[in-house]
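See structure below.
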Amino acid sequence: MSALIEIDRLTKRFGSFVAVDDVSFSVARGEVVGFLGPNGAGKSTTMRMLAGFMAPTTGTARICGFDVVEAPVKAKRQLGFLPEGAPTYPEMTVSAFLAFTGRIRGYRGAELTRRVGRAMERTQLEGVRLQPIETLSKGFKRRVGLAQALLHEPPVLVLDEPTDGLDPNQKHEVRTLIREMAPEKAIIISTHILEEVGAVCTRAIIIARGKVVVDAPPSVLEQTGRSLEEVFRILTTGAAA
Amino acid sequence: MISVARRELAGYFATPVAYVFIVIFLVMTGALTFTLGNFFARGQADLNPFFGFVPWLFLFLVPALTMRLWAEERRLGTIELLLTLPIAQWQAVVGKFLAAWAFCGIALMLTFPLWLTVNYLGEPDNGVILAGYAGCLLVAGAYLALGAAISALTKNQVVAFVLAVAGCFIFAAAGSPVVTNFLSTNIPQLADLARAVSVADRFSGFTRGVVSARDVVFFASFIGFWLFVNNVVLDHRKAD
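Here the protein sequences come in this chain order: A and B. Counting in our numbering, the first sequence runs from 306 upward without gaps. Counting in our numbering, the second sequence runs from 16 upward without gaps.
Here's what the structure looks like:
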């Protein structure tokens, strides 16, 4: 079984509004999928259903073979999820926050300390480990969210806008980190930054009005002679360039 | 579940909420017991004046604790983090409730100088006092469970507070003579029901030192019911 993420006809309706419309795709180990689309296209909703936060109206998704609707806790164990905006508890210190998520994931004692240390090291947070999160800059907060998603070294990572609000150096570091982890994991990242797709992704999925409109490697999209930006605009607005 | 409760409890003490709550609670219980409660003039070595005021103080103070339980998680977006960690949703619900309950327990324990005073001045029945404390804790639990369920309904903390005070007040006042007299003359069918669900009525047994199984079962099911409601509400409203 090579597909670690399988999304199977996932649909979400809010009243009469269809936010995600019959989306299916799967992601294998070693793939980094760039999940693109205009605001409101259904990116975050898809990711929230995949992470087990929202129940799909119909369809389902599987993470490492565990159905997110039928076996949510098992599916969540295999998943590192960075929610949109990287929410964290502002009054906690960085290390207390990471220890909290580690304890929920069942780590104790020396193992917990080791994992918290490792996660902080990978996201360059050691310097601020005892600072309350509310005192940190946006870039640090984002990295705390990322550290939380990496702590248990999950086979599947779902990152909603992991580089939003980071400066160019920090973006570079996060991308390097994602590339390093890529071979052993299945990763989905959503982003607005198209150059990022070319930089880290092996595959781009563009979603518009809840439907998948493109699923291809970024190199193929660029071969059409247009820049990724043009392709994105044409596909998501229906405008001819 | 324990991890959630631990984090929550530490969260109270990391913010001024805990200290404000405890100080106000201690000052008010102390002041009310010695002034309105005529602690000295009664000439009896018991804590009944104290126990008489605690449920009414909790009526306002407990909603102040519960208003932020879910409303705050929603506002910060951390609800998305908490509910995508590998725990079942009910574990998060119970964990949060337990932390708030433990916090109320700490506040109650800090009223121990009253207990010392009464033991110094006379020879009270400490069994009765213990039962009274247990009753206070159960009342706090009942209000907390109700308030937490209401907090899950809204993102707005003020709305959560006002609704929780109103909700707690209904259950506190349901057994009072004003309400039961009104009901028995107008809608007699409801009078018994009102007395049966009255938190204050159930509590009065504890202050006399009577811990009856029926009252304990009442509080346990009251708490269980509202935690269940909390879980259901969260299922439907968590993403709003």
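All C-beta atoms, glycine included, are put in the ideal place defined by N, C-alpha and C.
Just to confirm before moving on: does the CB-CB distance between residue i and residue j stay below 8 Å?
| i | j | result |
| --- | --- | --- |
| Phe176 (chain B) | Met43 (chain B) | no |
| Pro467 (chain A) | Val479 (chain A) | yes |
| Leu97 (chain B) | Ala107 (chain B) | yes |
| Val143 (chain B) | Asp61 (chain B) | yes |
| Cys119 (chain B) | Leu152 (chain B) | yes |
| Ala163 (chain B) | Asn245 (chain B) | yes |
| Thr30 (chain B) | Glu389 (chain A) | no |
| Leu384 (chain A) | Val463 (chain A) | yes |
| Val378 (chain A) | Thr365 (chain A) | no |
| Ala380 (chain A) | Ile368 (chain A) | yes |
| Phe65 (chain B) | Leu129 (chain B) | yes |
| Leu91 (chain B) | Ser166 (chain B) | no |
| Leu430 (chain A) | Ala452 (chain A) | yes |
Measuring only the C-alpha atoms, how far is residue i from residue j?
| i | j | result |
| --- | --- | --- |
| Gly239 (chain B) | Arg229 (chain B) | 15 Å |
| Ala491 (chain A) | Ser329 (chain A) | 16 Å |
| Arg22 (chain B) | Ile409 (chain A) | 10 Å |
| Phe54 (chain B) | Thr48 (chain B) | 6 Å |
| Phe322 (chain A) | Thr541 (chain A) | 18 Å |
| Val502 (chain A) | Gly335 (chain A) | 15 Å |
| Val19 (chain B) | Leu417 (chain A) | 16 Å |
| Trp205 (chain B) | Val194 (chain B) | Reading off the sequence, residue 205 (chain B) comes out as Leu, not Trp. Spanning the two alpha carbons is a distance of roughly 10 Å. |
| Met124 (chain B) | Val231 (chain B) | 20 Å |
| Thr398 (chain A) | Leu100 (chain B) | 19 Å |
| Leu72 (chain B) | Met16 (chain B) | 29 Å |
| Gly110 (chain B) | Gly414 (chain A) | 21 Å |
| Ile312 (chain A) | Gly370 (chain A) | 11 Å |
| Pro139 (chain B) | Tyr158 (chain B) | 29 Å |
| Trp241 (chain B) | Val77 (chain B) | 15 Å |
| Val248 (chain A) | Phe243 (chain B) | The shown model of chain A, from 306 to 546, leaves out residue 248 (chain A), and the question about it has no answer. |
| Trp105 (chain B) | Gly407 (chain A) | 19 Å |
| Ala209 (chain B) | Pro203 (chain B) | 10 Å |
| Lys253 (chain B) | Ile94 (chain B) | 8 Å |
| Thr428 (chain A) | Ala401 (chain A) | 16 Å |
| Thr222 (chain B) | Ala160 (chain B) | 22 Å |
| Ser191 (chain B) | Ala146 (chain B) | 21 Å |
| Glu489 (chain A) | Arg419 (chain A) | 21 Å |
| Phe386 (chain A) | Ala33 (chain B) | 31 Å |
| Leu441 (chain A) | Asp469 (chain A) | 15 Å |
| Leu131 (chain B) | Gly45 (chain B) | 13 Å |
If the cut is a Cβ gap below 8 Å, which residues of chain A does residue i touch?
| i | result |
| --- | --- |
| Thr93 (chain B) | Pro392, Thr393, Tyr394 |
| Ala103 (chain B) | Pro377, Val378 |
Against residue i, what residues of chain B qualify as contacts under a CB-to-CB distance less than 7 Å, listed in chain order?
| i | result |
| --- | --- |
| Ala356 (chain A) | Thr99 |
| Lys476 (chain A) | The premise fails here: Lys476 (chain A) is roughly 22 Å from chain B at the closest Cβ pair, so nothing lies under 7 Å. |
| Lys381 (chain A) | Thr99, Leu100, Pro101 |
Which chain A residues sit within Cβ distance under 7 Å of residue i?
| i | result |
| --- | --- |
| Ser18 (chain B) | Phe405, Arg408, Ile409 |
| Thr30 (chain B) | Glu396 |
| Gly137 (chain B) | What Gly137 (chain B) touches in chain A: nothing, since even the nearest Cβ is about 44 Å away. |
| Gly150 (chain B) | Ordered by position in chain A, no residue passes the 7 Å Cβ test against Gly150 (chain B), which lies about 33 Å from the chain. |
| Arg22 (chain B) | Phe405 |
Going by DSSP, what residues sit across from residue i in a beta bridge?
| i | result |
| --- | --- |
| Thr363 (chain A) | A:Thr316 |
| Ser331 (chain A) | A:Glu311 |
| Thr10 (chain B) | Examination of residue 10 (chain B) is not possible in this model, given that chain B is present from 16 through 255 alone. |
| Ala509 (chain A) | A:Gly339, A:Ala521 |
| Val323 (chain A) | A:Arg318 |
| Thr398 (chain A) | A:Pro437 |
| Ile258 (chain A) | Any property of residue 258 (chain A) remains undetermined from this structure, which presents chain A solely from 306 to 546. |
| Lys516 (chain A) | A:Ala513 |
| Leu387 (chain A) | A:Leu464 |
Whose C-beta lies closer than 7 Å to the C-beta of residue i among residues of the same chain, with five residues either side of it excluded?
| i | result |
| --- | --- |
| Ile511 (chain A) | Leu341, Gly342, Val518, Val519, Phe537, Leu540, Thr541 |
| Val212 (chain B) | Phe186, Ala189 |
| Gly260 (chain A) | The structure shown does not extend to residue 260 (chain A), since chain A is modelled only from 306 to 546, so the question has no answer here. |
| Leu533 (chain A) | Leu499, Val502, Gly503, Pro523, Leu526, Glu527 |
| Leu471 (chain A) | Gly444, Arg447, Val479 |
| Glu439 (chain A) | Pro395, Glu396 |
| Tyr148 (chain B) | Leu123 |
| Phe218 (chain B) | Pro70, Gly150, Val154 |
Counting only Cβ pairs nearer than 8 Å, list the residues of chain B close to residue i.
| i | result |
| --- | --- |
| Pro388 (chain A) | Gly92, Glu95, Leu96, Thr99 |
Skipping 5 residues on each side, what residues in its chain have a beta carbon closer than 8 Å to that of residue i?
| i | result |
| --- | --- |
| Leu24 (chain B) | Ala114, Ala117, Phe118 |
| Asn196 (chain B) | none |
| Gly411 (chain A) | none |
| Ile39 (chain B) | Leu76 |
Against residue i, what residues of chain A qualify as contacts under a CB-to-CB distance less than 9 Å, listed in chain order?
| i | result |
| --- | --- |
| Gly26 (chain B) | Tyr394, Glu396, Met397 |
Excluding five sequence neighbours on each side, which residues of the same chain lie with their C-beta closer than 6 Å to the C-beta of residue i?
| i | result |
| --- | --- |
| Gln475 (chain A) | Gly444 |
| Arg89 (chain B) | Lys170 |
Under 7 Å from any heavy atom of the ligand ZN, does the C-beta of residue i make it?
| i | result |
| --- | --- |
| Ala157 (chain B) | Only the bare structure without any ligand can be found here, which leaves the ligand ZN out of the picture. |
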